[in-house]
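Going line by line, the protein sequences match chains R and H.
Counting from 1, one number per residue, gives the positions in the first sequence under my numbering.
Counting from 486, one number per residue, gives the positions in the second sequence under my numbering.
The structure under discussion appears below in the form of structure tokens.
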Amino acid sequence: MSRLLVGPFNRVEGDLEVSLDIADGRVTSAQVNATMYRGFEQILQGKAPHDALVYVPRICGICSVSQSVASARALADLGGIAMPANGQHATNLILATENLADHLTHFYLFFMPDFARPVYAAHPWHAEAVRRFAPDHGEQVRAATAARQRWLTLLGTLGGKWPHTQSVEPGGSTRAIDAAERVRLLAKVREFRGFLERQLFAAPLETVAALETEAALWDWHAQDPLGGDLRFFLTLVRDLQLDTLGPGPGRYLSYGAYAQPGGGWALPGGVWRTQTGEVEVLNPRVITEDATHAWLAHAREPLHPLHGITRPEPDKPGAYTWNKAPRLGGQVVETGAIARQLTSGMPLVRDAVARHGGTVYTRVLARLIELARVVPMMEDWLQAIRPTEAFCVPTTLPDEGSGVGLSEAARGSLGHWLVVRRGRIANYQIVAPTSWNFSPRDAAGTPGALEQALVDAPVREGEQTPVAVQHIVRSFDPCMVCTVH
Amino acid sequence: MNVLWLQSGGCGGCSMSLLCADTTDFQGHLRDGGVNLLWHPSLSMASGEEVIALLHSVLDGGTRLDALCVEGSLLRGPHGTGRFHMLAGTGLPMIHWVRELAAKAAHVLAVGSCAAWGGITAGGDNPTDACGLQYEDDRLGGLLGADFRSGSGLPVINIAGCPTHPSWVIDTLMALAADGFAADDLDPLNRPRFYADQLVHHGCTRNEYYEFKASAEKPSDLGCMMEHMGCKGTQVHADCNTRLWNGEGSCTRGGYACIACTEPGFQEPGHPFHETPKLAGIPIGLPTDMPKAWFVALASLSKSATPKRVKNNAVADHLVVKPAVRKTRLK
Chain R
1 MSRLLVGPFN
11 RVEGDLEVSL
21 DIADGRVTSA
31 QVNATMYRGF
41 EQILQGKAPH
51 DALVYVPRIC
61 GICSVSQSVA
71 SARALADLGG
81 IAMPANGQHA
91 TNLILATENL
101 ADHLTHFYLF
111 FMPDFARPVY
121 AAHPWHAEAV
131 RRFAPDHGEQ
141 VRAATAARQR
151 WLTLLGTLGG
161 KWPHTQSVEP
171 GGSTRAIDAA
181 ERVRLLAKVR
191 EFRGFLERQL
201 FAAPLETVAA
211 LETEAALWDW
221 HAQDPLGGDL
231 RFFLTLVRDL
241 QLDTLGPGPG
251 RYLSYGAYAQ
261 PGGGWALPGG
271 VWRTQTGEVE
281 VLNPRVITED
291 ATHAWLAHAR
301 EPLHPLHGIT
311 RPEPDKPGAY
321 TWNKAPRLGG
331 QVVETGAIAR
341 QLTSGMPLVR
351 DAVARHGGTV
361 YTRVLARLIE
371 LARVVPMMED
381 WLQAIRPTEA
391 FCVPTTLPDE
401 GSGVGLSEAA
411 RGSLGHWLVV
421 RRGRIANYQI
431 VAPTSWNFSP
441 RDAAGTPGAL
451 EQALVDAPVR
461 EGEQTPVAVQ
471 HIVRSFDPCM
481 VCTVH
Chain H
486 MNVLWLQSGG
496 CGGCSMSLLC
506 ADTTDFQGHL
516 RDGGVNLLWH
526 PSLSMASGEE
536 VIALLHSVLD
546 GGTRLDALCV
556 EGSLLRGPHG
566 TGRFHMLAGT
576 GLPMIHWVRE
586 LAAKAAHVLA
596 VGSCAAWGGI
606 TAGGDNPTDA
616 CGLQYEDDRL
626 GGLLGADFRS
636 GSGLPVINIA
646 GCPTHPSWVI
656 DTLMALAADG
666 FAADDLDPLN
676 RPRFYADQLV
686 HHGCTRNEYY
696 EFKASAEKPS
706 DLGCMMEHMG
716 CKGTQVHADC
726 NTRLWNGEGS
736 CTRGGYACIA
746 CTEPGFQEPG
756 HPFHETPKLA
766 GIPIGLPTDM
776 PKAWFVALAS
786 LSKSATPKRV
796 KNNAVADHLV
806 VKPAVRKTRL
816 K
């Protein structure tokens with residue numbers, strides 16, 4: 001048996017190191033280390049509650065809006081504030097713009113470039129992978145970067161700037177949209193739709209979103225195996241067996257995405273178990289964080305985030321990461337686009353996960369399917385805006401109380417828990433999607449989702465940074481800076 | 486020009502902002518400008534041992550380092566060990582790598598307010614002992630020390646902002662690659678003058694409301710945000726309202742106050758961000774280059790002359806009173 005320390009792990013957001021035990025060319029055990037700590041939960045102590053809206057976006061430069069939305073919801077919960085319909089639509093548009101930008105960035109800039117590596121030179125598709133996805137020169141990488149830049153101009157209008165947009169308030173959006181802006185935004189959404197339909201899918205979004213089974217997916221693939229980047233990816237799935245690589249725990253969490261003005265969600269949440277194939281209602285009261293293996297103080301037992309503590313203990317024995325171990329009713333869950341598509345009832349993703357589980361293949365597929373599903377929703381939300389009606393109601397917050405803000409970032413379920421005493425923040429706890437996915441072991445020694453997914457990953461002769469490990473890690477689209485805030 | 490980009494105690498937002506640069510071909514744009522990215526954590530193929538080999542090659546002189554870009558604060562804690570940020574795979578703190586690499590670089594750039602001053606990561610009680618490359622808030626020093634000069638003889642170039650604007654970074658890199666950047670191009674806080682000699686107030690679309698002191702009272706109101714909403718745009722160095730963000734935005738255009746994110750110490754203003762601190766009803770933070778008494782006199786005069794249109798629109802989120810259409814020819 002040998003041991004391998006892998007890092008720096010790039011093309012993920014933030015700092016990550018993976019420690020692997022290897023025997024007979026396979027990973028036998030993995031430990032995931034988030035190597036940087038900044039301490040936002042400590043920084044927020046004693047602040048005016050509304051100031052959280054300035055600090056929390058700055059936890060993360062790739063999903064800053066997600067942090068804003070979770071925080072705004074926690075403050076709204078604290079103050080009993082309800083957004084007007086326009087505010088809800090604008091907030092959903094802002095969040096969806098960021099989430100879809102993240103999916104695009106992940107696929108083209110973070111995930112696909114690995115297939116252009118020389119290690120795959122003998123495969124028939126390699127030259128095409130280099131042409132499309134080499135980080136500096138790849139034609140699709142460059143086209144996607146341009147589409148991303150153009151796409152994020154939506155946030156120039158909707159939110160003033162991105163990242164670190166501050167237009168999201170508990171009471172709505174500070175940036176009202178007038179009638180002329182609304183048509184201009186619609187035109188930009190259609191521009192992005194055009195990019196996706198020409199480059200990523202080589203098909204209308206509706207055709208992709210209507211694929212109901214794996215059989216239908218592979219029939220569609222067979223029509224033109226290199227047509228568009230999704231089908232190119234599917235070609236690699238077959239050749240490299242990415243459908244068996246990196247199996248997750250088989251339990252999925254989504255808080256529900258894009259709250260609708262009449263109540264409910266555009267993508268309803270819940271807990272999905274592959275075993276039962278059914279959506280269970282989520283009970284957020286059974287969420288806990290276990291700090292046994294984190295360089296952080298831990299209580300006698302795992303704590304609900306409302307009572308959570310964050311205090312560095314850098315010399316703590318047995319610790320190996322700055323990340324705590326979140327658990328749902330004591331269990332490890334996976335979160336992300338795959339969870340959202342499962343809980344919201346997307347038939348193709350349900351079919352694929354039933355056959356293969358959560359793997360490199362199904363995680364990436366779910367993300368691309370989400371792009372196809374959410375862009376048309378954005379068109380509807382823009383149509384639903386009433387430019388002469390209110391976008392925001394004022395925020396008045398009590399001096400005592402608590403609030404919970406649950407939201408979905410691109411990478412999965414993001415929760416903020418807030419306690420206010422005498423008008424100041426007494427406690428602020430954040431459980432980010434990557435906190436779930438890249439969790440360390442808990443007190444019982446149960447590894448987190450990625451730690452489990454890495455077991456059995458192949459390691460080629462002489463590999464110091466195994467390419468299969470890179471695929472698995474990146475298939476989760478990790479955001480380490482959120483994880484350890 | 487060989488550029489190495491490292492991220493430490495920040496959020497990666499300056500890199501994500503950089504990718505929003507106004508060009509149809511980001512990768513080609515850099516290349517055509519003579520910028521060769523040796524390695525960037527989000528954009529490069531090289532991982533793990535390939536990166537570590539590159540860093541060693543820079544340190545032993547095998548690879549020339551023209552510009553070291555650092556994004557994020559430098560985390561000195563706990564107790565000066567730097568262990569709050571270890572560079573993965575190396576067993577060494579990032580501050581170690583930054584010190585060593587900065588000594589080899591022709592230019593050192595602090596990308597964003599975290600790397601410049603410590604920034605948001607240094608907020609609260611600064612749990613990680615975060616600082617900037619050559620500043621700790623507005624005090625010279627930081628990780629590299631007040632006397633540090635890079636190979637070119639320049640101090641650390643502070644491209645401050647939270648995040649920093651993509652074109653502040655691109656313009657600086659392009660100017661350095663073209664040898665078109667000298668000590669005179671830096672302001673007293675070593676920020677590039679091309680953006681730091683402007684104020685956020687310049688080009689603000691709310692200027693008519695400012696003139697008449699017609700003030701916003703709640704989020705989403707159209708009025709000037711200086712009097713009640715904590716806006717510092719009249720004092721803050723940056724060209725956000727003339728060099729727009731993401732096509733057509735800025736904080737004030739987005740409906741929220743300028744929080745002075747290009748300035749040292751912005752993370753701890755000493756008052757809630759979205760409330761204007763006042764003394765006897767008058768904001769403390771008045772424009773710095775105007776005598777206070779004059780400001781107060783002019784403000785009360787202009788307030789009494791505020792047109793109904795400006796007054797009413799200031800407290801609404803869309804125009805409730807439109808500019809009148811007169812049937813006379815304008816003179």
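Beta carbons: idealized from backbone N, C-alpha and C, even for Gly.
Exercise. Just curious, the beta strand (DSSP E) that H:N521 is in, first and last residue?
Worked result: It spans N521 to W524 - the beta strand (DSSP E) in which H:N521 sits, taken as one unbroken run.
Exercise. Rounded C-beta distance between R:T35 and H:A573? I'm assuming under 8 Å.
Worked result: That belief holds up - the Cβ atoms of R:T35 and H:A573 are roughly 5 Å apart, short of 8 Å.
Exercise. Among residues of its own chain, excluding the 5 on either side of R:K316, which ones have a beta-carbon nearer than 6 Å to its beta-carbon?
Worked result: W295
For this session: Determine the chain R residues that contact H:R738 at a beta-carbon separation under 9 Å, and present them in chain order.
Result: G156, T157, G160, K161 and R175
Problem set entry | Contacts of H:N731 in chain R (Cβ-Cβ under 9 Å) | Ordered by position in chain R, the residues that pass the 9 Å Cβ test against H:N731 are Q149, L152, T153, L154, L155, G156, T157, G159, G160, K161 and W162.
Exercise. Mind pulling the chain R residues with CB within less than 8 Å of H:R568?
Worked result: P314
Exercise. Straight-line CA distance for H:D507 to H:P612?
Worked result: 36 Å
Exercise. By how many angstroms is the C-alpha of H:H514 removed from the C-alpha of R:Q67?
Worked result: 31 Å
Exercise. If we call anything under 8 Å between Cβ atoms a contact, is R:Y252 one with R:W272?
Worked result: yes
Exercise. So what's R:W218 in DSSP terms, helix, strand or just coil?
Worked result: helix
Exercise. Are R:H304 and R:A325 touching if we call contact CB-CB under 8 Å?
Worked result: no
Problem set entry | Integer-rounded CB distance, given that R:L234 should sit under 8 Å from R:A468 | Actually they are not in contact, since the Cβ atoms of R:A468 and R:L234 sit about 18 Å apart, beyond 8 Å.
Exercise. Should R:N437 be labelled buried (16 or more other beta-carbon atoms within 10 Å of its own) or exposed?
Worked result: buried
Exercise. DSSP state of H:K812, grouped into three classes?
Worked result: The answer is coil: DSSP assigns H:K812 none of H, G, I, E or B.
Problem set entry | Cβ contact (3+ pairs, closer than 8 Å) linking the stretch 629-641 of chain H and the stretch 520-537 of chain H | no
Problem set entry | Any C-beta of chain H under 8 Å from that of R:V54 | yes
Exercise. Between the C-alpha atoms of H:G708 and R:R184, what's the straight-line distance to the nearest angstrom?
Worked result: Answer to the nearest angstrom: the Cα atoms are 24 Å apart.
For this session: Return the bridge partner residues of R:D290 from the DSSP annotation.
Result: Looking at the DSSP assignment, R:D290 forms a beta bridge with R:A325.
For this session: Could you pull out every residue in the same chain whose Cβ sits closer than 6 Å to the Cβ of R:D456, ignoring the five residues on either side in sequence?
Result: R26
Exercise. DSSP puts R:R3 in a beta bridge; with which residues?
Worked result: R:D21
Exercise. Shortest alpha-carbon distance to R:P284 belongs to which of R:P387, R:I385, R:S407 and R:A384?
Worked result: R:S407
For this session: Compile a chain-ordered list of the residues in the stretch 749-761 of chain H whose CB is closer than 7 Å to at least one CB of chain R.
Result: P757, F758 and H759
Exercise. With distances taken from CA atoms, which of H:Y741, H:W653 and H:E696 is nearest H:D724?
Worked result: H:W653
For this session: Could you confirm whether any beta carbon from chain H is found closer than 8 Å to the beta carbon of R:N427?
Result: no
Exercise. Whose C-alpha, out of H:G567, H:A591 and H:W582, is nearest the C-alpha of H:H550?
Worked result: Checking the sequence, you will find Leu at residue 550 of chain H rather than His. It is H:A591.
Exercise. What's the gap between the Cα of H:L783 and the Cα of H:T747?
Worked result: 28 Å
Problem set entry | Run of the alpha helix (DSSP H) containing R:H416, from where it starts to where it stops | Careful: R:H416 lies outside any alpha helix (DSSP H), inside the beta strand (DSSP E) at G412 to R421.
Exercise. For the stretch 130-143 of chain R against the stretch 408-427 of chain R, are there 3 or more C-beta pairs whose distance is under 8 Å?
Worked result: no
Problem set entry | Within 8 Å, strictly: CB atoms of H:G766 and H:T727 | Going by C-beta atoms, H:G766 is not nearer than 8 Å to H:T727.
Problem set entry | Continuous beta strand (DSSP E) assignments of at least 3 residues falling wholly in the stretch 673-758 of chain H | none
Problem set entry | Other residues of its chain near H:L522: CB distance less than 6 Å, five sequence neighbours each side excluded | V488
Exercise. Looking only at C-alpha atoms, which of R:N92, R:A222 and R:T97 sits nearest to R:P261?
Worked result: Comparing Cα-Cα distances from R:P261 to each of R:N92, R:A222 and R:T97, the minimum goes to R:N92.
Problem set entry | Interface flag, R:P394 vs chain H, CB-CB below 8 Å | Interface residue (Cβ-Cβ distance to chain H less than 8 Å): R:P394 is classified as such.
Exercise. Which of helix, strand or coil does DSSP assign to R:W265?
Worked result: strand
Exercise. With 16 other CB atoms within 10 Å as the buried threshold, where does R:Q42 fall?
Worked result: buried
For this session: Check the C-beta distance from R:P268 over to R:T343 and give it rounded, since I have them as a contact under 8 Å.
Result: 6 Å
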